[in-house]
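To start, the structure itself, in structure tokens.
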Amino acid sequence: MFSWLGTDDRRRKDPEVFQTVSEGLKKLYKTKLLPLEEHYKFHEFHSPALEDADFDNKPMVLLVGQYSTGKTTFIRYLLEQDFPGMRIGPEPTTDSFIAVMQGDVEGIVPGNALVVDPKKPFRKLNAFGNAFLNRSVIKNLVVLENKSRT
Numbered sequence: 001m002f003s004w005l006g007t008d009d010r011r012r013k014d015p016e017v018f019q020t021v022s023e024g025l026k027k028l029y030k031t032k033l034l035p036l037e038e039h040y041k042f043h044e045f046h047s048p049a050l051e052d053a054d055f056d057n058k059p060m061v062l063l064v065g066q067y068s069t070g071k072t073t074f075i076r077y078l079l080e081q082d083f084p085g086m087r088i089g090p091e092p093t094t095d096s097f098i099a100v101m102q103g104d105v106e107g108i109v110p111g112n113a114l115v116v117d118p119k120k121p122f123r124k125l126n127a128f129g130n131a132f133l134n135r136s137v138i139k140n141l142v143v144l145e146n147k148s149r150t
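Numbering (UniProt numbering), first residue to last: 1 to 150.
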């Protein structure tokens, strides 16, 4: 029934070995998918091409919700510590889009600096304009280097 599977000599070649899954996905994207996207001008009408930072960075989690529903408290619980610029109160206290990331030095990076760093996966946010970038920040934490939950 599946005789066509065994006769393809291309499948018998030695497979490429990658050190990480993200490395393999990046290579597959650049060699197979990106040329197809460019041929059909996918980036002109849908979304820009993926960059190395999109593959190399750690996964992210997005928390969205009404004000005062516990988003910041939840992050504080996961981190087991406060993070720079954290404010908790009954009235709306967060007036910006915040990305909490692992960094070598704890601190706050403004959104305008966030989109020019090629090592971060946020360069595409530049399309939303300065009004959005002025209300965006990254809060770097050293503790996230070794943080994992099971």
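Heads up, the beta-carbon is just placed ideally off N, CA and C, and yes, glycines get one too.
(message) Let's see if you can read the secondary structure: which residues bound the beta strand (DSSP E) around F98?
(response) By 1-based counting over the sequence shown, the position of residue 98 is 98. It should be noted that the sequence gives Ile, not Phe, for residue 98. F97 to Q102 is the span of the beta strand (DSSP E), which, as asked, contains I98.
(request) Tell me where the alpha helix (DSSP H) around L25 begins and ends. (result) Counting from 1 along the sequence shown, the entry for residue 25 is found at position 25. V21 to L28 is the span of the alpha helix (DSSP H), which, as asked, contains L25.
(message) I'd like to confirm the pairing. Which residues does DSSP put opposite I138 in its beta bridges?
(response) Here residue 138 corresponds to residue number 138 of the sequence shown, with the count starting at 1. Answer by DSSP bridge pairing, in chain order: A99 and V109.
(request) Keeping to the same chain, check which residues put their C-beta closer than 8 Å to that of residue 184; ignore five residues upstream and five downstream. (result) Nothing can be reported for residue 184, as the shown portion of the chain is limited to 1 through 150.
(request) Spell out a yes or no on whether the segment 109-116 and the segment 35-48 are touching, meaning 3 or more CB-CB pairs, one atom from each, closer than 8 Å. (result) no
(message) Within 10 Å of its beta-carbon, does I98 have 16 or more other beta-carbons around it, so buried, or fewer, so exposed?
(response) Your numbering for residue 98 matches position 98 in the sequence shown. That one is buried.
(message) For V17 and V115, what's the separation of their Cα atoms in angstroms?
(response) Here residue 17 refers to the residue found at position 17 of the sequence shown. Here residue 115 refers to the residue found at position 115 of the sequence shown. Their Cα atoms are separated by approximately 33 Å.
(message) If you follow the alpha helix (DSSP H) that Y77 is in, where does it begin and where does it stop?
(response) Taking the sequence shown and counting its residues from 1, one reaches residue 77 at position 77. Where Y77 is concerned, the enclosing alpha helix (DSSP H) stretches over K71 to L79.
(request) Following the continuous alpha helix (DSSP H) through L125, name the residue where it begins and the one where it ends. (result) By one-based count along the sequence shown, residue 125 stands at place 125. Counting along the chain, L125 falls outside any alpha helix (DSSP H), and DSSP gives it neither H nor E.
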